[in-house]
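No gaps in the numbering here: position 33 of the sequence shown is 33 in our numbering, and each next residue is one more.
By construction, the Cβ of each residue, glycine as well, lies at the ideal position given by its N, Cα and C atoms.
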Amino acid sequence: MNIRVERWMAIGLAILLAGGCHTPRAPRTGYVPAEEEGVMTAGLDDHDYDLMAAGLAREMFQRGLPRGYVVALGPVDTRDCPYDVRVVQFQKSLSVLFNKEGTLRFMSALDAITPGGTSAQEIYKLMQFNWLNRNPLDVEDLQTLGRLAQVNGILFGRVSTLERDLPGGGREVTYRFVWELANTVSGLLDIAHEEKIRKNVR
Numbered sequence: 001m002n003i004r005v006e007r008w009m010a011i012g013l014a015i016l017l018a019g020g021c022h023t024p025r026a027p028r029t030g031y032v033p034a035e036e037e038g039v040m041t042a043g044l045d046d047h048d049y050d051l052m053a054a055g056l057a058r059e060m061f062q063r064g065l066p067r068g069y070v071v072a073l074g075p076v077d078t079r080d081c082p083y084d085v086r087v088v089q090f091q092k093s094l095s096v097l098f099n100k101e102g103t104l105r106f107m108s109a110l111d112a113i114t115p116g117g118t119s120a121q122e123i124y125k126l127m128q129f130n131w132l133n134r135n136p137l138d139v140e141d142l143q144t145l146g147r148l149a150q151v152n153g154i155l156f157g158r159v160s161t162l163e164r165d166l167p168g169g170g171r172e173v174t175y176r177f178v179w180e181l182a183n184t185v186s187g188l189l190d191i192a193h194e195e196k197i198r199k200n201v202r
């Protein structure tokens, strides 16, 4: 075998070895738009909190509540949801939307009852107990808390999930959010709203 043939064989072998040892290029790094969904997970992520807050805020803005109406986020029952529900993050997202819209005001019930002193705090604890135990809310307590905390409505929430296996593998997780806005003057519901987020995870 002459030198030229040996040289071409060596070059071909080197190419084959290089192809076999090829390392895939690493994913491109950098910023992505904040509104992108990102990697789908079974748990709630930032995008889900944005969807949840936007859906509820839109419902409130479209209901024609009086300008200056003060909403206080009350107890949110998350015991029927096996995944972590960051109520404070949802509260902050909702607060930003209310601030941008400008006609309604929003705060947490804990912030609202602080100026009301011990009486307001005790009433809130009782309302929280009744909500978590699915007992009827006491209208008189609701009205008294509204006067002490100077809020027009208290928002109560429940979060639950339903899961099922998908054909071919993976799971479907459906989050169900139920919201009730109780009027602290009439004792009636100003808004009853349900929102669902369904996620397929493989």
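Runs of the beta strand (DSSP E) spanning 3 or more residues and lying entirely within the stretch 99-178 occur at 105-108 and 153-165, in chain order. Distances from the CA of residue 153 to each of 75, 87, 176 and 199 were compared; the closest alpha carbon is that of 75. Annotated three-state conformation of residue 96 is helix, per DSSP. Close CB contacts of residue 87 within its chain, under the 6 Å cut and outside five residues either way in sequence, are with 76 (chain order).
123 is the residue among 123, 104 and 194 whose C-alpha sits nearest the C-alpha of residue 147. Residue 84: not part of any alpha helix (DSSP H); DSSP gives it neither H nor E. Counting C-beta pairs with one atom in each stretch, the stretch 185-199 and the stretch 128-144 have three or more that are closer than 8 Å, which means they touch. The beta carbon of residue 69 sits closer than 6 Å to the beta carbons of 104 and 152 from its chain, once the five residues preceding and following it are set aside; these are given in chain order. Annotation for residue 91: 73 and 108 place their beta carbon closer than 7 Å to its own, counting only its chain and skipping 5 residues before and after.
In the three-state scheme derived from DSSP, where H, G and I count as helix and E and B as strand, residue 56 is classed as helix. For residue 80, the closest of 202, 158 and 193 by C-alpha to C-alpha distance is 158. Within the same chain, 153 and 190 come within 6 Å of residue 183 by CB-CB distance, once the 5 residues on both sides are set aside. Inclusion of residue 57 and residue 94 in the CB contact set at 8 Å is warranted, their separation being smaller than that value. Contact check for residue 198 and residue 169: beta-carbon distance about 17 Å, past the 8 Å limit, so the pair fails to qualify. Bridge partners of residue 198 according to DSSP: 174.
The beta carbon of residue 84 lies closer than 8 Å to those of 43 and 44 in the same chain, with the five residues before and after it left out. Cα atoms of residue 119 and residue 133: separation of roughly 21 Å, rounded to the nearest angstrom.
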